[in-house]
Every structure is written in C-alpha cells, then in structure tokens.
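Going down the list, the protein sequences come from chains Z, V, D and X. Note that the numbering used here has the first sequence beginning at 4, numbered continuously upward. Note that the numbering used here has the second sequence beginning at 4, numbered continuously upward. Note that the numbering used here has the third sequence beginning at 4, numbered continuously upward. Note that the numbering used here has the fourth sequence beginning at 4, numbered continuously upward. One structure below.
4 protein chains.
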Amino acid sequence: MSDQENILDFILKDEDNVTEKQKKIIAAAIEAFSEKGFAATSTSEIAKKAGVAEGTIFRHYKTKKDLLLKLLSPMVSKLIAPIVLKDFNKVLDAEHHSFEEFLRAVVKNRMEFLQKNDALFKILIQEIPFHQDLREIFIDQIASKVFKRLNEIMDFYKEKGDVLDIPSMSAVRLAITSIFGYFIARHLILPDIHWDDEAEIERTIQFILAGLAPKS
Amino acid sequence: MSDQENILDFILKDEDNVTEKQKKIIAAAIEAFSEKGFAATSTSEIAKKAGVAEGTIFRHYKTKKDLLLKLLSPMVSKLIAPIVLKDFNKVLDAEHHSFEEFLRAVVKNRMEFLQKNDALFKILIQEIPFHQDLREIFIDQIASKVFKRLNEIMDFYKEKGDVLDIPSMSAVRLAITSIFGYFIARHLILPDIHWDDEAEIERTIQFILAGLAPKS
Amino acid sequence: MSDQENILDFILKDEDNVTEKQKKIIAAAIEAFSEKGFAATSTSEIAKKAGVAEGTIFRHYKTKKDLLLKLLSPMVSKLIAPIVLKDFNKVLDAEHHSFEEFLRAVVKNRMEFLQKNDALFKILIQEIPFHQDLREIFIDQIASKVFKRLNEIMDFYKEKGDVLDIPSMSAVRLAITSIFGYFIARHLILPDIHWDDEAEIERTIQFILAGLAPKS
Amino acid sequence: MSDQENILDFILKDEDNVTEKQKKIIAAAIEAFSEKGFAATSTSEIAKKAGVAEGTIFRHYKTKKDLLLKLLSPMVSKLIAPIVLKDFNKVLDAEHHSFEEFLRAVVKNRMEFLQKNDALFKILIQEIPFHQDLREIFIDQIASKVFKRLNEIMDFYKEKGDVLDIPSMSAVRLAITSIFGYFIARHLILPDIHWDDEAEIERTIQFILAGLAPKS
DNA sequence: CATGAATGAGTATTCATTCAT
DNA sequence: CATGAATGAATACTCATTCAT
C-alpha cells in the first residue's frame, strides 16, 4: 500500500532523461492548474513559474493538453493503486477482520494520499468533465481493476454479515462518494470555512458504517 | 416549495426591459459554459450560438465574468430556496412527521430541480473553486439562511429520536454530500456509463437514513 | 477588353461593406507578398504596413491563406478575362483579320495588364506550385473558358492559313509560354539587368508569328 | 557534356570530410524545399527527414540560408555547365553542322538534366526572385561564361545562314524561354494535367527553329 | 437597443540557432 | 562529429472589450 514516494517522481518515471527543468515545469503546472484551472492557465505563466523559457515546455510536452494528461494519468493510477496491489490482500486476510477495520484503513490511507496530492486531485476533478479522453483513461482503470477487486472484498464482508446485502457496486459508490464528497466539499466548494478534519472524517466513517450495516 | 417557473425567467427577473436577445444570450451562455467550461468559452462563441452581435452581450453584461455571476447567483438562491421558504414549515409540521418522509420529500424535490437545471449546476460546481466572490455569495446564502433553518429541522427530528445526536451541521453535510455526490459522480465524473437513477436514488436515501439513524 | 478599373476594386467587389482598413490590408498584403513571398511574410508585417491592428486582418480574412486566395482568385479571372469576354469577338471578326494583328492586340493588352499588376502576377506565379487549391481554381478557369475559346480562334486562323496546323492547345501553349516566359525572365529571374522592353516584345511577337507560321 | 555523376556528389564535392549525415541532410533539404518552399520548410523538418539531430544541420551549415545557397550554387553551375565545357566545341565543330542538330542536342541534354534534377531546379526558380545574392551568383555565371559562349555559337550559325539575324542575346533568350518555359508550365504551374512530353518537346524544338529561321 | 468593425494584449505553438555534453 | 536540451523572439490567430454608427 506504499505510495510514499513523491508523485512528482512517479509522473516523471515513464520519461527518460528527465532534466531539472522538466521537474520544475511539472511542479509549476500542477500549482498553476490547480489554482486557476487548466483553461485559465497560460503556458507563459507556467514557464515563468517554472523559471524556464516558454519553448522548453513544448520540447517536453507537445501541447498544453499533453502536459495535462501526462500529469493526470499517473494520478489516476496512483489514486486507485492500493486497491489493486497484491499486498492489499494482507489487509483483508490478516489484520482487518471486520469491515470497520478495513474501512478505517482505506479511508486513512486515501485521505493521506489526497492531502498529500490535493492539487493534482483538484485538477483531476475539475478537468475530467471536459475531457472525454481523460474520462476514458479513468473508466478503463476503474472498470478493469478497481470494481472487480472491490466486488470481491465487499462480497467477503457481506458473507461475514458486516455489510448490507445491496449490489456491491452501489455500496462501493456510496462509500466512495462519502469519502471524496467530503474532500470536494472541504477543499473545492467551501475551502474558506473552518473544518475539524479529524472529527469529520471520523463521523464520515461512522456514517458509512451505519449506512452499510445490515438491518438487524 | 415551488420553483416550477423556468429558471431562465428567474435569472432575468431582476433586470428590467428584458429583450428577446437577452434571453438567447443567457440560454447560449448556459449551454456553452456547461459544455466547455467558463474559461474555455469565448464570448464570440456565445454570441454566435445566441444569434446576436458580439457587442450585444456587453451591452447587457459588463464583462464575461459578470455574465457568469448573473447566471449563477439565481442558481444559488434557487438551489437553497425550498429550505428557506415559509411554506416549508408546513412540510415539517403537517405531513412529514418522520425524518424519512422529510428526507424523501427533500431529495425528490432537489433531484428534480438538479435534473431540470443540470447545466447550471454543473457550471456552479465547476466554477466555484476558482471564484472567491462566487464562494462568498454561496457561503452568505447558506450560512445566513440554510444552516439556521436546517439546524431547527434537525433538532426537531433529533428530539423526536429519528436522527442520531451529532452536530446538526455534520449531519446536514453528510446528507448533502451523499445527494450531490451522487449527482456529481453521475453527471460530471462518469456520465458515460449507465446508471439506474431510480434505484440509486432510493439506495442513497436508505443509506442516509441508516447512516443518520440513532444507535438503538 | 476593358480591365481599366483598378484591380484593387475588383478584388473587393465581392465583399460587402468594404472598409477603408480593408483596402489598406489588401494593398499591404500585395506589396508584402510580392516582395518577400507568402510564407516569408508575417501577418504582423502586413498589419504594420497597412496601419491596422493585427486582429483587424483576421476579422476580414479568416486565415493568412484565405487572404492569399482572396487576392489571387480575382487575379486569375482578370488574367484570362479578355479571352472570355463577348466583345472579344469583335476583335476577331472586325479589325483583326490577320493572325498577326490579333496576336499583336492580345500581346499588347496582356502586357499592359501584367505591367499594371506585376506584383499580383508575381505572387500568383510564386504560390501556384505550392497550393493545390490555387491550381484547381486556375485550371478550372482555364479549362472551362480559355481553351475552348482559343481553340475556336486558332481554328479560325488555321483555316485562313495564317497558322500552322498543329493541335491548337500546343500552339496556344507555345505562344503563352513565350509571352509569360518573357515576363518571368524579365521580372522574376533577372530583374536586375537592363531590358529593352519594346524591342524584346516586338521580337517575341515576331518569334511567335514565325514559329507558328505554316511551312510554305 | 557529362553531368552524369549524381548532383548530390557534386554539391558535396567542395566540402571536406563529408559524412553520411551530411548527404542525408542535403537530400532531405532538397526534397523538403522543393515540396513546401524554402521559407515554409523548418530546419527541424529537414532534421527529422534526414534522421539527424537538429544541431547537426547547423554544424555543417551556419544558417538555413547557407544551406540553401550550398544547394543552389552547384545547381547553377551544372545548369550552364555543358555550354561552358571545352568538349562542347566538338559538338559544334564535328557533328552538329546544322543549327537544328545543335538545338536538338542541347534541348535533349538539358531536358534530361532538368528531369533528373527537377527538385533542385524548382527550388532555384522559386527562390531566385527573393534572394539578391542568389541572383548575383546566377548573373555572374551567365554573364561571364554563357552569353560569351553562346554569342560565338549563334554567330557561327547566323553566318551559316541557319539563324535569323537578330541580336544573339535575344535569340538565346527566346530559345531558353521556350525550353524552360515548357518545363515551368509543365512542372510548376500545371503539374496536375496530362502532358505528352515527347510530342511537346518536339513541337517546342520545331517552334524555336521556325521562330529563329531566317526569312526566306 | 443592437451592431460589427476595430483593437492590442494575449494565446499556444514553432522557429532558427546555440552550446554543453 | 553529433546530439538534443534550451532558448527567446516570432508566428498565426483569438480574446474580451470598446465605440461609432
């Protein structure tokens, strides 16, 4: 369940001969896109922020859109990575006997990830409605990897009697919506008001648990 | 609880001497903004779509941003209107004795509203993270009107024993997140896959009810 | 056989609401393109030369290429116009009984036209090899109008015994090549050396006459 | 009268330590310039086509313009070479007693040369109007070598009574214009229509012969 | 009230060229 | 000798906005 390494390194992992300037471009783009939005950010702005010439951006990324996709594809993978990873089984089999323990572990893990990569997550959420290709990447990853895996997991807990017997996909959707919904409300819609993160996360977990608990 | 009138009329209600062209501009702007996003939409595009001259837009709306705000402010009011309305009391006192009945009524009502005004809602969600002033309008409306009102309502049901005893704001947030989270997931993030709306909405209601039910 | 009116007016004839700025843009574009070539001329250069903002060019002409075509299409028509015109028949029937008289009239007329519109002709010759669509316009006009007409004329003179009995198209091609070839050599390839225009034109006419004369 | 060797080798003859890459650059530049024109061709395009790094071009040719001149100077020499060569005298003295035989030999020879080097010829014709220095090279070569030589030849045939008594330069110009005019019409202006090369060349020769024949 | 010509700053992207490796 | 990262000026074109008609 390790995505402790910097996502910046992960983004650049696929490319070879990564230069210092390239890192700066990526960092600047993430900052700028998340602050002003993709469309409202100019490449000259990114260049200035990164301390490189504007042409340098286009040496590494054919278009502005290409730069966006090169940022977000790894984000998508990372976002769903832990669900997919082999060692996630341990979580299931060994320690997390109860659904509560499991949920708590997942929420903690993903919340930390989001908090560490809030800018990239914000960009992803903002841009996904406007880019068909981005949605396709997203759906591909989720459809092929995540739902299959989560179905197994939910079935496991349903059988154990920890979870209500509704279609797994709906259960997953309700849980995910609650978790990410909190993040969206907190960081995108109402970032200006005070939030007691710890308490709200705990309440969200309780809410999901109760919402998915089998009727006694 | 009536917002049956067209929101287009509502948007134009404040302005005087509303011309036919003005209506077309508003309609065109809503369509364009929701499809491509505010920043990625040009005023000339809106003009073309509306069938008016470029200058005409600026006769009615000082800037492009002004046009956005003129669209979204009424949307914000409308979005929270039913909660605020006087006749909402009747809902409370008379028919909706149980929290379930209340929730069902509210969800049904707001879902219909969102479905009718999905484009505007999409714009609101998309743009709110980038416009401080928009957020301020939003917070003002919510803070001053909605939460006070909802606190009363939640207290009412808490006292009745229908709802868990957690801070009303959190309860409200969890419910709202579930409802709007569904809408965002369905229309913004994953519009391409098939959704069984009726079933998902019912499950969402059950989920909220169970999530907020007092521990027996 | 009149194309005495300014070609600038002719170029702008098709467009409505022609503004002063538009005329200046056309004039500047002709000058710039003929001096430096289409590809080597920047739109900012044209704007400066025309004394307008760069955006103004694109209000009237969607692209730089569009501007080129809007210049050259009328040039193509004008270039072949006299051959096509009704009153050209008079030339044939009445005054120009001999091929020599006819040739002399045509050469004089087209030479004057080229001298008056040398810049546009230069642009046409320079750009035609690089633009398929331009060649299509050219071929269409020539194929449909010119060759049919000239075939009739040449047949007329062949029958009279003024002209050698070879395929009319070849005869026409040889004559045209001689005339335009002179212009190209004189203005495009070797503009720097001295030319005795009058003498060379006379020799060219004699050359064509002798070259096309029937073998006695 | 031999220019049988590849012109590519001739272009590179002057330079020392010619590498494989250099040959590829030259070949790529010829192809690209002739297809899109000098100004519209980018150095990166040439580099890609040649399979070399962008910098490599500039190692061998200081500027893009330098590359153009390095291509065209040999073309100019080659174009006029046979006229200048010593062994051309044999042509004159021995076999080609009549002007017709001489003309036929020259036309055949130059046509073959043009057909083999059509790309370079196209570039030369296209670029000469825009580059003073190129024109100077051209004029220098022609003035110093060609016209002197051709004057002698024409005088020879004039004296023999094969050729009309007009200024040699004009006669030469008329002949050259006819030959190259054919090539320009055929390859640059109207490459899209069908041409019966053999027949047209024969007619062109006949046309020149008749056009320059002394009046009986 | 509506138009659309005009603008100049700004857009993403390409350019020829340099230079450290 | 060859590379390709880096540049900054230039490119064609778009933008939101103004204003005379």
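Quick reminder that beta carbons are idealized off the backbone N, C-alpha and C, glycines included.
Residue i classed as buried or exposed, judged by whether at least 16 other C-beta atoms fall within 10 angstroms
i        : result
LYS161/V : buried
LYS151/X : exposed
HIS100/Z : exposed
ASN120/V : buried
HIS197/X : exposed
ASP165/X : buried
THR207/X : buried
GLY188/Z : The question names Gly, yet the displayed sequence has Ala at residue 188/Z. So ALA188/Z ends up on the buried side.
Under the three-state DSSP convention, the category residue i falls into
i        : result
ILE169/X : coil
LEU117/Z : helix
LYS68/Z  : helix
PHE41/D  : coil
GLU18/V  : coil
HIS190/V : helix
ASP158/X : helix
GLY164/V : coil
SER80/Z  : helix
HIS63/D  : helix
PRO217/V : coil
GLY3/Z   : Outside the displayed range of chain Z (4 to 219) lies residue 3/Z, so it cannot be described from this structure.
SER5/Z   : Note on SER5/Z: pLDDT 46, under 50, position unreliable in the model; the coordinate value appears next. It is coil, neither helix nor strand.
ASP195/Z : coil
SER47/X  : helix
SER181/D : helix
SER101/D : coil
Contact check, residue i vs residue j, beta carbons under 8 Å
i        : j        : result
GLU57/V  : SER47/V  : yes
LEU153/V : GLY214/V : no
GLY184/X : GLY184/D : yes
PHE41/X  : LEU72/X  : no
ASP195/D : ILE142/X : yes
PHE186/Z : LEU117/Z : yes
Distance between beta carbons of residue j and residue i, contact taken as under 8 Å
i        : j        : result
PRO217/D : LEU137/D : Not confirmed; about 37 Å, so no contact.
ILE10/V  : LEU123/V : 7 Å
ILE83/X  : VAL149/X : 5 Å
GLU37/V  : SER181/Z : Just to set this straight, residue 37/V is Ser in the shown sequence, not Glu. Between SER181/Z and SER37/V the Cβ distance is about 26 Å, and since that is not below 8 Å, they are no contact.
THR59/V  : ALA50/V  : 7 Å
Counting Cβ pairs, one atom from each stretch, are 3 or more of them under 8 Å apart for the segment 103-113 of chain V and the segment 12-26 of chain V? no
Is there contact here, the segment 172-183 of chain X with the segment 198-212 of chain D, by at least three beta-carbon pairs under 8 Å? yes
Validate contact between the segment 76-83 of chain V and the segment 71-85 of chain Z using beta carbons, cut 8 Å, 3 pairs: no
How about the segment 63-76 of chain D and the segment 22-41 of chain D: do they share at least three Cβ pairs that are nearer than 8 Å? Cβ pair count under 8 Å is three or more, so yes.
Count the CB pairs spanning the segment 127-147 of chain V and the segment 122-135 of chain Z that are closer than 8 Å, and state whether there are at least three. Between the segment 127-147 of chain V and the segment 122-135 of chain Z, the count of Cβ pairs shorter than 8 Å is three or higher; the stretches touch.
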